[in-house]
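Since the structure comes first, as structure tokens, the remarks are kept for the end.
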Amino acid sequence: MDISPIIETLKARATTIRDTINLRQTTEPDESSWKYSTTEELYGRLLEIQNTLAMLEKLS
Numbered sequence: 770m771d772i773s774p775i776i777e778t779l780k781a782r783a784t785t786i787r788d789t790i791n792l793r794q795t796t797e798p799d800e801s802s803w804k805y806s807t808t809e810e811l812y813g814r815l816l817e818i819q820n821t822l823a824m825l826e827k828l829s
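So the sequence shown is numbered by our numbering: it starts at 770 and just counts up by one.
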């Protein structure tokens, strides 16, 4: 089973979360798809994605 599309999707999701966190640290308004999530939730989701990626990369 090819899991590379899953890995790429998770990497893209992690990138959007990181971008949103960085955006919130500026004075720009957050108009991203993550605007209803708290920053703490975003850090938690990012950690979950990083852990999942680490496991998947060991399998590939």
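Glycine included, every Cβ here is placed at the ideal spot set by N, Cα and C.
Determine, using beta carbons only, whether residue i and residue j come nearer to each other than 9 Å.
i	j	result
residue 776	residue 822	yes
residue 790	residue 818	no
residue 779	residue 828	no
residue 801	residue 792	yes
Between which two residues does the alpha helix (DSSP H) harbouring residue i extend?
i	result
residue 773	773–793
residue 807	Where residue 807 is concerned, there is no enclosing alpha helix (DSSP H), given that its DSSP letter is neither H nor E.
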